[in-house]
Structure formats: C-alpha cells, structure tokens
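Under the UniProt record's numbering, the letters of the sequence shown match residues 1 to 92, in that order. Positions of the beta carbon are idealized from the N, C-alpha and C atoms, including for glycine.
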Amino acid sequence: MLNETDGRLDVLRGKIDIIYSSAFSHLFERESQLRAAKRMVGFLRPDNPDVMIFGQNQGPKIEGWEKYVLDPGTWANFVEGGGPGDGDEMED
Numbered sequence: 001m002l003n004e005t006d007g008r009l010d011v012l013r014g015k016i017d018i019i020y021s022s023a024f025s026h027l028f029e030r031e032s033q034l035r036a037a038k039r040m041v042g043f044l045r046p047d048n049p050d051v052m053i054f055g056q057n058q059g060p061k062i063e064g065w066e067k068y069v070l071d072p073g074t075w076a077n078f079v080e081g082g083g084p085g086d087g088d089e090m091e092d
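Below you can see the structure in the form of structure tokens.
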C-alpha cells in the first residue's frame with residue numbers, strides 16, 4: 001500500500017466507489033498515514049461524485065503513541081488537506 005512503485009494495485013486506480021478502512025491508519029506514523037490515504041483516493045472513481053472512504057480508527061491515549069493515533073481534530077485537518085505536516089493535499 002505504501003510502495004507507490006509496486007504496480008500490483010494499479011489495477012484499482014479509478015475503479016472503486018467505496019473504501020472501508022477501519023483499524024488501519026494507526027498502523028503507520030502520520031507521514032505514512034497520509035501516503036496510504038492519498039493512494040486510497042487514487043483508487044476512487046473520478047466520474048462518481050458520491051465516492052467515499054469511511055471507517056473507524058482509534059487507539060489508546062498513551063504517551064508516545066501520538067504519531068500513530070489521531071484525535072478528531074487532527075483527523076479533520078488531515079482529511080481537509082492539512083496533512084501531518086507541510087500542507088499536503090489529499091486530492092489525487
């Protein structure tokens with residue numbers, strides 16, 4: 001999923017209407033979470049205005065886990081294009 005040069009998932013580009021992604025993002029640090037999310041956006045059908053990515057991600061509020069677990073405000077910034085750092089956009 002994170003290796004953009006691996007073409008095995010290219011067959012999915014622009015072919016998917018709905019992606020269910022639960023208990024997935026917290027497996028990666030924030031920069032990799034954004035890379036995975038951008039790759040998922042690329043799988044969505046550009047001709048369908050009703051495409052969506054949905055799911056649930058949560059984790060413990062334990063010191064040191066901040067780079068894996070995003071609170072609701074951080075998720076909102078993440079999805080709206082703020083990303084984990086330098087203003088990366090979610091659009092593909």
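Bridge partner(s) assigned by DSSP for residue i
i          : result
residue 98 : The structure shown has nothing for residue 98, since the chain only spans 1 to 92.
F28        : Its beta-bridge partners do not exist; DSSP assigns none.
M52        : I18
Same chain only: Cβ atoms within 7 angstroms of residue i, ignoring 5 sequence neighbours per side
i   : result
H26 : N57, G59, Y68 and V69
D86 : Legend: pLDDT at D86 = 41, less than 50; position of this residue unreliable, value from coordinates given subsequently. Cβ within range, chain order: n/a, list empty.
Beta-carbon contacts of residue i that lie in its chain and below 8 angstroms, excluding the five residues immediately before and after
i   : result
S22 : G55, Q56 and N57
L2  : F28, S32, R35, A36 and R39
R45 : G14, K15, I16, D17 and V51
L9  : M1, R39 and F43
For residue j and residue i, the rounded distance between their alpha carbons
i   : j   : result
F24 : D47 : 26 angstroms
G7  : K38 : 15 angstroms
G14 : E63 : 39 angstroms
R30 : K61 : 15 angstroms
T74 : E66 : 11 angstroms
P84 : T5  : At P84 the pLDDT is 48, less than 50, meaning the model places this residue with poor confidence and gives no usable figure here.
L12 : E80 : 23 angstroms
F43 : N77 : 21 angstroms
Rounded Cβ spacing between residue i and residue j (contact assumed at less than 8 angstroms)
i   : j   : result
D17 : V51 : 5 angstroms
Same chain, Cβ closer than 6 angstroms to residue i, neighbours up to 5 away in sequence not counted
i   : result
I19 : M40 and I53
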